[in-house]
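Heads up: the sequence shown begins at 38 in the working numbering, then just goes up one per residue.
The beta carbon of each residue, even a glycine, is placed where N, CA and C say it ideally should be.
Notes for the one structure printed next.
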Amino acid sequence: MQWFYTAKLGIFMHWGIYAVDGTAESWAFFRNEVPYNQYMAQKNGFTASKYDPESWAALFVEAGARYAVLTSKHHDGVALWDTKYSDLNVVKATPAGRDLIDPYCKAMQKANLKVGIYFSHLDWSHPDYASVASHAVLFDEKRNPFSYPPKGKEDIFRWEKFLLFHRGQIKELCTLYKPDLLWFDGTWERDDEHWRMKELRDSILVWKPGVILNSRMRGYGDYETPEQAIPVTRPDKKWELCMTMNNSWGYRQSDTNYKTPLEIIRTFVECIGNGGNLLLDIGPMEDGTIPKPQIERLKILGQWIRRNEPAIYSTSAGLPLGHFYGQSTLSADKKTIYLFVSDQPHEYIPLKGIRNKIKSINVLATGEQLTYKISGGAPWVNIPGDIHISLPKKYDDYITVIAIELDGTINLYHDKGY
């Protein structure tokens, strides 16, 4: 998982037939916002006519990303590759008429981006997914046939048929495209006894040795995957926040509530400062075009990352709460602290509990040298004083990064005084 630890930024893409009318991906028919047949009629308008995965890859590199994740199949069951297990795929059922996963993988690999593939465990269009003896029609008033089969009415034979289908499609993705990351979703309607996730994990690692699995594996994933909100407390293991750029995962023309560049950069900084990655979502249009507001934000994010690159990649989670009231990261050798100053402080920038001597302090993007003074402390019992860092003459338009070079590996004071 070493590449994942240092990648920091990935780009998530929710792309499917739902982009034609701009409906919610899969949930539109599940929640009865539109009839199932109307939702599926979007297949007729899905062309991918301007799909250029190499231009996608170039944009992602410009944004500072090190990996990408594309939806191969969402909960609606429509696959973006020519799966032999179902005709419900863009090759056979849409004007696109071709495999969209293969060129994506090749383009990302050519650009030295790690390849991630999203796959939904559940499939709301598969006749055996409901796994009950009497398969109700869509949106039956008494019971949604896709969720939580009534106790005692599970049809084990049909569930096993679905698992063969489920495993078969995952094996196709592993063997045909050899992804670096499998990003799963949609386990909540069944328990581990049904999904048999350990068995699945073991099989996946045979089909594609070394592939990384996200957490939506009922406890058998490699890292945590919080969604749309940064954890309040720092997770104990590696993690990745998946977050939309507006309010929607897929393309919705009506959704113009985009996060500002500053909001995106702040979120990214909070992720890496707490040892996580950001998987930032975009929603291509049905023809494969990425909307202009999304392109603009990706480019601004990339410009900021390039100004501050040493503080981003190959760093680890920063100082514990109390040492600095903001986000920070540590260099790989633990000899440099990077402070992310998101506002303009008054008088000085405070830093606490650093026992090391300081070799230099500078603004990372400009090289401006900053002075400091030590206030207080009890050196006779090895309690360091507070460090007051002078303010920069010029701040970054978004977040200013301060690099503090120490005389050795960081040595923090954690005690309560004496």
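Span separating the alpha-carbon of residue i from that of residue j
i           : j           : result
residue 447 : residue 50  : 39 Å
residue 193 : residue 165 : 10 Å
residue 392 : residue 438 : 21 Å
residue 311 : residue 369 : 15 Å
residue 169 : residue 117 : With a pLDDT of 49 at residue 169, under the threshold of 50, the modelled position of this residue cannot be trusted; read the value that follows with caution. Each residue's Cα considered, the two are about 28 Å apart.
residue 148 : residue 98  : 7 Å
residue 347 : residue 414 : 31 Å
residue 453 : residue 361 : 16 Å
Closest Cα partner of residue i within the set the options
i           : options            : result
residue 106 : 431, 247, 286      : 286
residue 317 : 48, 39, 42         : 48
residue 202 : 58, 120, 309       : 120
residue 115 : 151, 416, 157      : 157
residue 302 : 320, 100, 415      : 100
residue 399 : 306, 360, 419, 345 : 345
residue 39  : 442, 352, 429, 410 : 352
residue 271 : 212, 333, 141, 313 : 313
residue 261 : 277, 249, 97       : 277
residue 140 : 130, 162, 163, 94  : 94
residue 375 : 349, 390, 382      : 349
residue 236 : 254, 249, 222, 227 : 254
residue 323 : 53, 45, 41, 46     : 53
residue 228 : 206, 384, 196      : 196
residue 135 : 103, 102, 87, 146  : 87
residue 402 : 430, 410, 418      : 430
residue 242 : 265, 210, 138, 267 : 210
Residue j beta carbon less than 9 Å from that of residue i
i           : j           : result
residue 433 : residue 387 : no
residue 246 : residue 152 : no
residue 90  : residue 144 : yes
residue 251 : residue 225 : no
residue 82  : residue 58  : yes
residue 160 : residue 110 : yes
residue 240 : residue 208 : yes
residue 298 : residue 244 : no
residue 428 : residue 381 : yes
residue 309 : residue 129 : no
residue 409 : residue 420 : no
First through last residue of the beta strand (DSSP E) which encompasses residue i
i           : result
residue 112 : Here residue 112 belongs to no beta strand (DSSP E), and DSSP marks it neither H nor E.
residue 410 : 409-412
residue 313 : 313-319
residue 423 : 423-426
Continuous alpha helix (DSSP H) stretch holding residue i: start and end
i           : result
residue 74  : 73-77
residue 396 : No alpha helix (DSSP H) holds residue 396; the beta strand (DSSP E) holding it covers 395-400.
Discussion item. I want to know whether the stretch 349-363 touches the stretch 325-338 - three or more CB-CB distances under 8 Å.
Written reply: As far as the Cβ criterion goes, the stretch 349-363 does not touch the stretch 325-338, which means the pair count is below three.
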